[in-house]
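*Asks:*
There are 2 protein chains.
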Amino acid sequence: MLSLTEENYLKAIYHLSDGGSKAVLTNELAEAMSTKAASVTDMIKKLSAKEVITYEKYYGVNVTIKGKSEALIVIRKHRLWETFLVEKLGFAWDEVHDVAEQLEHINSPRLIEKLDEFLGYPKVDPHGDPIPDNKGKIKLQPQVPVDQLQVGFQGKIAAVKDSDSNLLKYLDKIGAKPGVKIKVLGKEEYDESMEILIEDHRVFISKEVSQNILVVG
Amino acid sequence: MLSLTEENYLKAIYHLSDGGSKAVLTNELAEAMSTKAASVTDMIKKLSAKEVITYEKYYGVNVTIKGKSEALIVIRKHRLWETFLVEKLGFAWDEVHDVAEQLEHINSPRLIEKLDEFLGYPKVDPHGDPIPDNKGKIKLQPQVPVDQLQVGFQGKIAAVKDSDSNLLKYLDKIGAKPGVKIKVLGKEEYDESMEILIEDHRVFISKEVSQNILVVG
DNA sequence: GTATATTTTTAGATTAGCCTAAAAAATAAT
DNA sequence: ATTATTTTTTAGGCTAATCTAAAAATATAC
Numbered sequence: 003m004l005s006l007t008e009e010n011y012l013k014a015i016y017h018l019s020d021g022g023s024k025a026v027l028t029n030e031l032a033e034a035m036s037t038k039a040a041s042v043t044d045m046i047k048k049l050s051a052k053e054v055i056t057y058e059k060y061y062g063v064n065v066t067i068k069g070k071s072e073a074l075i076v077i078r079k080h081r082l083w084e085t086f087l088v089e090k091l092g093f094a095w096d097e098v099h100d101v102a103e104q105l106e107h108i109n110s111p112r113l114i115e116k117l118d119e120f121l122g123y124p125k126v127d128p129h130g131d132p133i134p135d136n137k138g139k140i141k142l143q144p145q146v147p148v149d150q151l152q153v154g155f156q157g158k159i160a161a162v163k164d165s166d167s168n169l170l171k172y173l174d175k176i177g178a179k180p181g182v183k184i185k186v187l188g189k190e191e192y193d194e195s196m197e198i199l200i201e202d203h204r205v206f207i208s209k210e211v212s213q214n215i216l217v218v219g
Numbered sequence: 003m004l005s006l007t008e009e010n011y012l013k014a015i016y017h018l019s020d021g022g023s024k025a026v027l028t029n030e031l032a033e034a035m036s037t038k039a040a041s042v043t044d045m046i047k048k049l050s051a052k053e054v055i056t057y058e059k060y061y062g063v064n065v066t067i068k069g070k071s072e073a074l075i076v077i078r079k080h081r082l083w084e085t086f087l088v089e090k091l092g093f094a095w096d097e098v099h100d101v102a103e104q105l106e107h108i109n110s111p112r113l114i115e116k117l118d119e120f121l122g123y124p125k126v127d128p129h130g131d132p133i134p135d136n137k138g139k140i141k142l143q144p145q146v147p148v149d150q151l152q153v154g155f156q157g158k159i160a161a162v163k164d165s166d167s168n169l170l171k172y173l174d175k176i177g178a179k180p181g182v183k184i185k186v187l188g189k190e191e192y193d194e195s196m197e198i199l200i201e202d203h204r205v206f207i208s209k210e211v212s213q214n215i216l217v218v219g
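Residue numbers (the working numbering), protein chains in the order written: chain U, 3 to 219; chain R, 3 to 219.
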């Protein structure tokens, strides 16, 4: 059983490690938690003792299987609550985070199952992030390049192919970065250029560009 | 600003004092909070410093105006959440208390206003208890426990004391829920058990049970 | 490859909330 | 009205989570 504070640290570690794929340094974590490195060291020892992370001095921390599962439960709760706030209570998608940060710590598996059912078992939250299922499994969606999308498609930018620096600069200019909402408005047959909505503004992109933006449903 | 623990103490004081109409003793409070008298004395000092209660040594504590208002905000949240859990998520009315105990501490005035709106501005919660408005005003109707009623009394169940889950299950079984018609058929002198009519069927209840059913005329 | 800078850890305090044991005040009993 | 009992408070300690300041380990620079 984790305390509220421990739960928050674990979640931060999970995110900073990209879901457990790399080690997290003490200072990074201190920054993320708005606290001091010394406090982080203390907490790291506690979380190690509870076997949700492994810890090597002066090297960093890694999430264990158990830790991942616990982190995903919190993330599931966070994203279900965000969905509730937007879909049912009429919050704007950018004002839900702080409240969801509190709600995610409510401890009642039954409540979460009921909430999930009430929301119609949503797959993604209002930001487009996937909602882990009740086993803690996160269904990572296949990333599709924009040029293969149908007109009308709505989703979120998952990644961009970062081969060319000029391309990245251009993508940055039009606001095409991971996490941003995207919608396909139109497709020109003869040159395969596209008209898309990035966040809230319309842009025309060439086939070349469209091949380099990866999205998820 | 009160901590979670302070909020729970204040709420208990509010209830034990019958909404601020009498002083609460240290041991009473210790009992209610499942803690020791010494801890209560400590907390009393903190709550006095924050001016939500007044405190006279060896006499007891009283809620201040400010304290009442803060307690009522928590009670409002508790009862709105209980309503949500029953009305929207399909919880049974006797399984909501523990979850609502957690949810009542979520701090977001906007959330509560939105929730209130979503629920259609309910006046009472699933136990029949009145929901304070957003100014902290509570419309109280005099509620009398069944054990104090005369034979022949007819009325309506207004609320049940929602402390014990086993009791709530029992009450649910005999159909004793808010809104239901009730009539006192008889009273046994030697053990103070009673025979009552709940909606349409006769039941015998012990004194203990009769003390936990509150009715209005 | 030694010196300097950065990062991380230890050491020692602090605060909130709780505890036990003992002292003090209030209440009850004779 | 003293004594006995109950209630409440004080005294002193414990744990979780935080802090500052200093020491230790690692990384960087010349």
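We put the CB at the ideal spot given by N, CA and C, even for glycine. What you are looking at is a predicted structure, and each value in this text was computed from that prediction instead of being measured.
1. Below 8 Å on C-beta distance, what does Asn109 (chain R) contact in chain U?
2. How would you call Lys13 (chain R), buried or exposed, if buried means at least 16 neighbouring beta carbons within 10 angstroms?
3. If distances are taken between C-alpha atoms only, which option among U:Gly157, U:Val153, U:Gly138, U:Asn136 comes closest to Gln145 (chain U)?
4. Measure the C-alpha to C-alpha separation of Ile67 (chain R) and Ile200 (chain U) and round it to an integer number of angstroms.
5. Beta-carbon of Arg112 (chain U) versus every beta-carbon of chain R: anything under 9 Å?
6. Give a yes or no on whether the minimum CB-CB distance between Asp96 (chain U) and chain R is below 9 Å.
7. Tyr57 (chain U) lies in the beta strand (DSSP E); which residues open and close that run?
8. List, in chain order, every chain U residue whose beta-carbon is nearer than 9 Å to that of Lys141 (chain R).
9. Confirm, please, whether the CB-CB distance from Tyr16 (chain U) to Gly69 (chain U) is below 9 Å.
10. Can you list, in chain order, the residues of the segment 15-31 of chain U whose Cβ is nearer than 9 Å to any Cβ on chain R?
11. Where are the beta strand (DSSP E) runs, 3 residues long or more, that stay fully inside the segment 71-109 of chain U, in chain order?
12. If the cut-off is 8 Å on Cβ atoms, which residues from the segment 181-193 of chain R count as contacting chain U, listed in chain order?
13. Select from U:Leu82, U:Leu151, U:Leu31 the residue whose C-alpha is nearest the C-alpha of Leu113 (chain U).
14. Applying the criterion that 16 or more other CB atoms from any shown protein chain within 10 Å of the CB defines a buried residue, is Lys79 (chain R) buried or exposed?
15. Would Asp100 (chain R) pass as an interface residue toward chain U - the criterion being a Cβ-Cβ separation below 9 Å?
16. Does Gly219 (chain U) come within less than 9 Å of chain R when only Cβ atoms are used?
17. With distances taken between CB atoms, is the gap from Lys90 (chain R) to Leu121 (chain R) smaller than 9 Å?
18. With a cut-off of 9 Å, does the C-beta of Glu119 (chain R) fall near any C-beta of chain U?
19. Which two residues bound the contiguous alpha helix (DSSP H) that contains His129 (chain R)?
20. For Leu4 (chain U), go through chain R and note every residue whose CB falls closer than 7 Å to its CB, in chain order.
21. From U:Val162, U:Glu33, U:Gln143, U:Asp118, pick the residue whose C-alpha is nearest to that of Asp149 (chain U); which is it?
22. Under 7 Å between beta-carbons, which chain R residues line up against Ala90 (chain U)? List them in chain order, please.
23. According to a CB-to-CB cut-off of less than 7 Å, which residues of the segment 201-213 of chain U neighbour chain R?
24. Short of 7 Å in beta carbon distance, which residues of its chain neighbour Ala34 (chain U), apart from the five on each side in sequence? Order them along the chain.
25. If you measure between the beta carbons of Pro147 (chain U) and Gln213 (chain U), is that distance less than 9 Å?
*Replies:* Here's the rundown:
1. Chain order gives the chain U residues near Asn109 (chain R) as Gln104, where near means a beta carbon separation below 8 Å.
2. If you draw a 10 Å sphere on the C-beta of Lys13 (chain R), you find 16 or more other C-beta atoms in it, and that means buried.
3. Ranking U:Gly157, U:Val153, U:Gly138, U:Asn136 by Cα distance to Gln145 (chain U) puts U:Gly157 first.
4. Straight-line Cα distance between these residues: approximately 52 Å.
5. Yes, its Cβ sits closer than 9 Å to a Cβ of chain R.
6. No - not a single Cβ of chain R is within 9 Å of the one on Asp96 (chain U).
7. That run of the beta strand (DSSP E) goes 55-58.
8. Ordered by position in chain U, no residue passes the 9 Å Cβ test against Lys141 (chain R), which lies about 25 Å from the chain.
9. In contact: Gly69 (chain U) and Tyr16 (chain U) (Cβ atoms closer than 9 Å).
10. Interface annotation for the segment 15-31 of chain U against chain R: empty, criterion Cβ-Cβ distance under 9 Å.
11. As far as the segment 71-109 of chain U is concerned, it has no whole beta strand (DSSP E) run of at least 3 residues.
12. Against chain U - using a Cβ distance shorter than 8 Å - the segment 181-193 of chain R contributes no residues.
13. Closest by C-alpha distance to Leu113 (chain U), out of U:Leu82, U:Leu151, U:Leu31, is U:Leu82.
14. Label assigned to Lys79 (chain R): buried.
15. Chain U places a beta carbon closer than 9 Å to that of Asp100 (chain R), counting this residue as a contact.
16. Gly219 (chain U) is outside the set of residues whose beta carbon lies under 9 Å from a beta carbon in chain R.
17. Yes, they are a contact pair.
18. With 9 Å as the cut-off, Glu119 (chain R) counts as an interface residue toward chain U.
19. First-last for His129 (chain R): undefined, no H or E at that position.
20. Ordered by position in chain R, no residue passes the 7 Å Cβ test against Leu4 (chain U), which lies about 15 Å from the chain.
21. Closest by alpha carbon: U:Val162.
22. Here residue 90 (chain U) turns out to be Lys, not Ala, going by the sequence shown. Within chain R, the residues placing a beta-carbon under 7 Å from that of Lys90 (chain U) are Phe120, ordered along the chain.
23. For the segment 201-213 of chain U, no residue has a beta-carbon sitting nearer than 7 Å to a beta-carbon of chain R.
24. So the qualifying residues of the chain are Ala14, Leu18.
25. Taking a C-beta distance under 9 Å as the contact criterion, Pro147 (chain U) and Gln213 (chain U) qualify as a contact pair.
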